[in-house]
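One structure is given below, encoded as structure tokens.
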Amino acid sequence: MDRRTRLSLIVVTAAVLLIAALGTVLILTPHSLPETVEPQREPPGYALPVAPPLAAATPAGAGTQHLTDPEWVASVARETGIPERALAAYGGVALWKAGEMPSCGLGWTTLAGIGAIESDHGRHGGSSIGADGTVSPPIFGVSLSGDATAHIPDTDDGAIDGDAEFDRAVGPMQFIPQAWRNWHVDAGADGVEDPQNIHDAVMAAANYLCRASGDMAAPDGWRAGVGAYNHSPVYVQSVANAANAYAEAAP
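Going by our numbering, the sequence shown opens with residue 11, and the numbers climb by one from there.
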């Protein structure tokens, strides 16, 4: 069994356990997940420290997606199976947060782990990330009607999630409308704050994580941040497994 096949088994197993533990979950079922080296011992329940992405010598634009070196993005994408546009979002946001809030210590692999579990990096249901970072077709979670899900009546008149009766999680990082209103941001620098845009969604997730935990580099702080994103211990472990798999697979 090769390295990429072993990684696929690790993360798919984590996703299956997560779904079994939560029943009908708020997140989307992963579809085609990353690959890595199989761990030989009990996996840690947090993301191990990871080197920061290589920064671009001269960013090609204003958005966070331009902060990472294109060769770094291409190389890591080949080894991890993360789409380049998604990886540019994770890496760029990690670099931005490192400059804006270095005490948070948020690594790109944590963002990638969440993106993998939430939407397979924007590929759930046949979606893909466009040149501007927006996923097409848009990604919507299940209706949060209380039927084997949380019960969250509509809070946005369907403006964000297309559902005027109940809320739904939206976009590649699966924000519910209420959370998006608190964390909306235009990280892609296109003049639009859009939860269906991977750059905006990943930056919103990073801001949320660093607000929930002031130290994402420490094991307890990491668990507090990711646990605030989704309270399930199985979810936290699944994100840790994916993050560490990416760290090991990256060159």
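In this text, a Cβ means the ideal position worked out from N, Cα and C, and glycines have one as well.
Note that this is a predicted model, so its numbers are computed, not measured.
Here A179 is buried. Its C-beta has 16 or more other C-beta atoms within 10 Å. When DSSP assignments are scanned along the region 71 to 154, the uninterrupted stretches of alpha helix (DSSP H) that are 4 or more residues long and fall wholly within it turn out to be 80 to 90, 94 to 110, 118 to 129. The Cβ atoms of A189 and G132 lie no closer than 7 angstroms to each other. Rounded to the nearest whole angstrom, the CA to CA distance from M226 to D200 is 29 angstroms. By DSSP's assignment, A65 forms a beta bridge with T78.
Distance from the CA of A169 to the CA of Y239, rounded to the nearest whole angstrom, comes to 23 angstroms. DSSP, read as helix, strand or coil, puts V180 in strand. DSSP, read as helix, strand or coil, puts N240 in coil. Taking the C-beta atoms as reference points, Y256 is found no nearer than 7 angstroms to T78. The beta carbon of D164 lies closer than 7 angstroms to those of D173, A174, E175, F176, D177 in the same chain, with the five residues before and after it left out. A residue is called buried when at least 16 other Cβ atoms come within 10 angstroms of its Cβ; N207 meets this threshold and is buried. In the DSSP assignment, D166 falls outside any alpha helix (DSSP H) and carries neither an H nor an E. Cβ contact annotation for S146 (same chain, cutoff 7 angstroms, sequence separation greater than five): S137, S138, G140, in chain order.
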